[in-house]
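In this note's numbering, the protein residues as written are 24 to 193. Here a beta-carbon is modelled for each residue, glycine too, at the ideal position from N, C-alpha and C.
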Amino acid sequence: MSRRNYRERNKLAVFFSNLWVVLQERMSTVWVCISVEWEYAVIRARIWRGYKELDAARYDRETGQFQSLIDPQDLNQGELHLNVIKTMKLRRLADRFHIQMPDEHEPGNYGTISWDDDRREPKYLTAEGLRKLLPLIRAAQKERRDAAGFWFGVIVGVIGALTGLVSVLN
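Listed below in structure tokens is the structure:
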């Protein structure tokens, strides 16, 4: 086998091994996104069902409580868990647009959940943190749309000009 042939095969082998690594990373990212969306949908559905059951429960005037197996505190914890998932999704979006998340040490930006089964105490963006982050994300999305619109207009213009030129020459 010649030296040149060996180099070309080696380049192809490196290319395909790199391609495999990139595909694995992309598939992993897609799987994480799908699993997070699924978890979000399941928690929302459980909260919805819990509120429906709580609304249907009979109120006992003597005890001052609803006669239901649903604990309203569990529904509040579920809503806080939804906020944690929303924060994860916004963090991923901010990373994609290279936007810095609000400072965690500045008071008012984040809330903390202390669950018995999760010692990490996950953080979620409060209304103040969302007020700081969302305009930045919207501005980055608008900038990206404007750039895509510009190039779309240029490409359509060039195709239209070529079509006109071909029709005139015929």
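- If you compare the alpha carbons of I178, S91, V191 with that of A80, the shortest gap goes to S91.
- Leaving aside the five residues that flank L156 on each side, the residues in its chain whose CB is nearer than 7 Å to its CB run, in chain order, L113, A117, M124, P125, L148.
- In the displayed model, G134 falls within a strand according to three-state DSSP.
- Rounded to whole angstroms, the gap between the alpha carbons of A64 and K75 is 16 Å.
- Counting only the Cα atoms, L159 lies some 10 Å from H121.
- Straight through space, the alpha carbons of P95 and F39 are spaced by roughly 54 Å.
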